Each structure stands twice: as C-alpha cells, then as structure tokens.
Amino acid sequence: MGNDDKLIASLEAFLNNDVETLKGNIEKLIKDYSRKSRRLDKIIHQSDKQQRELLELNEELERTYAELDEYKNHLEEKVEEGISEIKGLNVEIEETQKEVVFTMGAIGESRSKETGNHVKRVAEYSKILALACGMDEDEAEMLKQASPMHDIGKIAIPDAILNKPGRFDEDEFEHMKRHAELGYEMLRHSPRTLLKAAATVAYEHHEKWAGGGYPRNIQGEDIHIYGRITAVADVFDALGSDRCYKKAWDDEKIFALFKEERGKQFDPKLIDLFFENLNAILDVREKYRDLFTETPLNG
Amino acid sequence: MNNLTIKASKYTPAIELNAETNTLTISGKSYPENTFDFYAPVITWLQEYFSSDTVEKTTLNMDIIYFNSSSSKLFFDLFDLLEEAQDGGKEITVNWYYDEENESAEEAGEDFKEDFEEMDFNIIKK
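Chains as they are written, first to last, in the numbering used here: chain A, 373 to 671; chain B, 40 to 165.
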C-alpha cells in the first residue's frame, strides 16, 4: 500500500472514529517515514563516500600525471644528452678515420721523402674530379679520403730503392712497381667501403687508359674510375713537385704532357674535366703548397 | 515472458533479466543521465515477472562498481519490489558483489542489507 493510500485510510478511520485502525495506520506511516529517512541518510552518506573516493582517485591521477610529466621532461633531456654524445662520438670516429687514413698515406709518402701535403693535394684533386664526373657528394668525399692511400704499398719497398736518386734500373723498377699490388693486398681484406675503395685506388692508380700500365695492364673502363681519377691527381702533383730523382716541372710542361697523354695514359674525359676545373685545382695546390720539402710525416 | 537484456555503456550497467533461470543480474557502473527512465523497463519487467504464479526462487546478482545517488534511491525501490514479492510468498536471494579495494561498494551493500533485514541478502567479496 502506497503512502497516499495509507493517508486516505487513516483519514477514513479518523472520520469513522476507528481509533485502533487510525493508531495502526499512523504507526505504519511513522515507521515507513523513519525507514525512508534512514534511507535518505544512507544515500547521502554513500554519495559522499563515493565522491571522496573519486576525489582521492583524481588526486592520485593528477600526481601520476605530474610524475609522468616530470619523467617525460627528464627523458627528453636524457635523449638529447645521449644524441649529442653520439653525435660527438661520430664526429670523433670520422675525424679519427680521416686522420688514420692521412697518416697511412703520409707514412707511405714519408718513406720516399715526399711531403704529407702531397696526399692532401691528391685527396682534394680527386674530389674535384669525382664531383666533375658526376659522383655524388658522399662518394666524392669517400674517394677524397681513400685516394691518399694510393702509395701505402711503398712501406714494403726497401729504402735503398725508394729513395734512390736518379733513375731505377730494370730490377729496381720491377721492385718499385710492386707497391701497387702490395697496397691492394694490405687493404683489400677490410669490409669497410672506404678501405675497399682505397684498395682499388692502390691497385689501379698506375694502370693506363690505353694499356701498358701496371700491375695488371688493364685498360679503358676496366680500370675503376677511382683508379683513373687518382692517376690524374697523383701524376699532376708528382710532376709539379721536387722529388729525389727530379726537379719540379713547370705547369706548361705538365699541361702539354696531359694533352699528349689524353686517351693514352689518362682517361680522355678526365683530362677534359681536369682542364675545365683547372682553377679549382690550382687553388688547392696553392692552399696546400709544400713549405718544408723534407718534413718526415705530414708536417 | 521475454528476457530483458541491456548492454553496458560507459555510464550504465549491463542488465540481464532471465525468466527461465530466474536470475537477475545488474553489473557495472550506474550513472545514467536519467536514472528513472533508464531503469523503468527493469521495474516494469520485474512487476510483470513477480505477478506470474509460476515464479519461485529468484536470485538477484548485483555487481555495481560505482553509482550515483539516484541509482541508490532506485536500488532501494528495486529491493522494495523484491521485498513485496517475498511478502507475497516468493523466495528471493540477493547477492551483492564487491571488489576488495572498493570500500564504498562494500559499505553500500551493508546499507542495503541493513534496510532489508527480512531478506536473504548476501554480501560477497569477489
């Protein structure tokens, strides 16, 4: 029976002067009222409790977010630190590699009393020619680093031959020629692209475009472009420098030889590119010109 | 009679009222936008269910994580309905489930049990 019904029944009982029924109904109403009132208290209490719990959860969530935020910021810092450290190490590795390569080249040169600047100039000439013949920057840069090692095989040639003033006899020349293959043997086992390129340069920088070079007497495009480029760069620099067995040639004489040897000793396309880029090449020669011809390493 | 199934949503519980197994289940959160509209079909279904003579032992399983105050009011009404049915001779069991970490759900169960002292009202830790 609903409350309205109970009220109506109570009213009827009152009107009929039915005291017992009235009393019973009113008792029921009071009991019902107090039960409902207790329920209301409970509902309010439950609601309060849940609100407090949710508030606590929310606070916990905010704390977690704050921690996460701090962690994130910290992480970004750490990552940045790590990246700059790696960058530093990379630069260090690259610089070390370049230095090792130059030093190796310079060792070869120093044995024959040539100067360390020779390898620097050959490196720069090689890069100019590499870019001129269409190589991309990365590959040209690699050849620049590899070409100084072209004479590394000379470290295995006895001093008596290497530094002999005047011309070699036939035996001595045969001995001297072995430096190409020796250099190749030293470098070819490396899996590094740079050292592989250096091996090719060492092996093929004395080959001639029309044949007749050494050690394999190959010709034309069978000679790797690295070898052909380094040949031009090396000969240009060698002719222009004083050596133990000769004085430096003047430029006109060198250019005349290059024109003469275009398509014979040298790749004709590279000779054309050499003259097209002559200003840049002469700038390099000026920048790295030899100050002390007797400097032992790259001085 | 047909069973009544209402799928859970983000703010409302899953409801399964099964007249064949005589099992009523309400589980999840209860924050309907309009609580009385949401539960109206449940109340109607129960009234019809209990009006049938064949109904004997009925079990109501409630597993409510959080609920708003109007849901609480409605649960009292729901238990009133069950109490009336019990007074009318039906056998009723209510199982109120709560998670150990959910103190408010446990306390709410105690509140309901206290109000319906004549009923077989079990508070069960999950």
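Even glycine gets a Cβ: it sits at the ideal position worked out from N, Cα and C.
Predicted model only: the values in this text are computed from it and were never measured.
Original post:
Between the region 65–79 of chain B and the region 100–119 of chain B, do three or more beta carbon pairs fall short of 8 Å?
Top reply: Because the criterion of three Cβ pairs below 8 Å is met, the region 65–79 of chain B and the region 100–119 of chain B touch.
Original post:
When the Cα of E579/A is compared with those of V604/A, S562/A, A570/A and E557/A, which residue comes out closest?
Top reply: The shortest Cα separation from E579/A among V604/A, S562/A, A570/A and E557/A belongs to V604/A.
Original post:
When the cut-off is 7 Å and only beta carbons count, does Q423/A lie next to chain B?
Top reply: With a threshold of 7 Å between beta carbons, Q423/A makes no contact with chain B.
Original post:
Does any residue of chain B bring its CB to less than 7 Å from the CB of I402/A?
Top reply: With 7 Å as the cut-off, I402/A does not count as an interface residue toward chain B.
Original post:
CB N42/B to CB T97/B, shorter than 7 Å?
Top reply: Not in contact: N42/B and T97/B (Cβ atoms no closer than 7 Å).
Subject >> Cutoff 7 Å: K49/B Cβ touching any chain A Cβ >> reply: Answer no: the Cβ-Cβ gap between K49/B and chain A never drops below 7 Å.
Original post:
Using 7 Å as the limit for Cβ to Cβ distance, is I415/A near chain B?
Top reply: Using a Cβ-Cβ cut-off of 7 Å, I415/A counts as an interface residue toward chain B, since at least one Cβ of chain B sits closer than that to its own.
**OP:** Report yes or no: is there a C-beta of chain B within less than 7 Å of the C-beta of R435/A?
**Re:** So no, R435/A is outside the interface.
Subject >> Segment limits, alpha helix (DSSP H) that includes W84/B >> reply: For W84/B, the enclosing alpha helix (DSSP H) starts and ends at T74 to S90.
Original post:
In angstroms, rounded to a whole number, what distance separates the CA positions of V473/A and G555/A?
Top reply: Using only the alpha carbons, I get a separation of about 13 Å.
Original post:
Is N57/B near the ligand NAD, going by C-beta to nearest heavy atom under 6 Å?
Top reply: Questions concerning the ligand NAD fall outside what the structure shown contains, since it holds no ligand whatsoever.
**OP:** Per DSSP, which residues does K136/B bridge with? Please list them.
**Re:** The displayed chain sequence assigns Tyr, not Lys, to residue 136/B. The partner list for Y136/B (beta bridge, DSSP) reads I163/B.
Original post:
Does the beta-carbon of A569/A have 16 or more other beta-carbons within 10 angstroms, so that it is buried, or is it exposed?
Top reply: By the 10 Å Cβ count, A569/A comes out buried.
**OP:** Tell me whether R588/A sits in a helix, a strand or coil according to DSSP, three-state version.
**Re:** DSSP, reduced to helix, strand and coil, places R588/A outside both helices and strands of the structure shown, so it counts as coil.
Original post:
Which residue from G506/A, L501/A, Q422/A and K400/A puts its Cα closest to that of L650/A?
Top reply: Ranked by Cα distance from L650/A, the options G506/A, L501/A, Q422/A and K400/A are led by L501/A.
**OP:** Pick helix, strand or coil for S108/B, following the three-state DSSP scheme.
**Re:** DSSP, read as helix, strand or coil, puts S108/B in helix.
Original post:
Going straight from the alpha carbon of L429/A to that of D138/B, what length do you get?
Top reply: Taking the straight line from one Cα to the other gives about 16 Å.
**OP:** Measuring only between beta-carbons, confirm whether F115/B sits less than 7 Å from chain A.
**Re:** Closer than 7 Å to some Cβ of chain A, the Cβ of F115/B qualifies, so yes.
Subject >> Continuous alpha helix (DSSP H) stretch holding I601/A: start and end >> reply: Start and end: I597 to L611.
**OP:** Note the first and the last residue of the continuous beta strand (DSSP E) segment covering A53/B.
**Re:** Note, A53/B: beta strand (DSSP E), A53 to N57.
Original post:
For N670/A, does the count of other Cβ atoms within 10 angstroms reach 16, so buried, or fall short, so exposed?
Top reply: In this prediction, N670/A has a pLDDT of 42, which is less than 50 and means its spatial position is unreliable; what the coordinates show is noted afterwards. Buried is the call here.
Subject >> Beta-carbon proximity of S406/A to L394/A, cut-off 7 Å >> reply: S406/A places its beta carbon 7 Å or farther from that of L394/A.
**OP:** Report the rounded CA-to-CA distance for T64/B versus I416/A, giving the unit in angstroms.
**Re:** Straight-line Cα distance between these residues: approximately 25 Å.
Original post:
Are T132/B and D159/B closer than 7 Å when you measure CB to CB?
Top reply: Between T132/B and D159/B, the gap from beta carbon to beta carbon is short of 7 Å.
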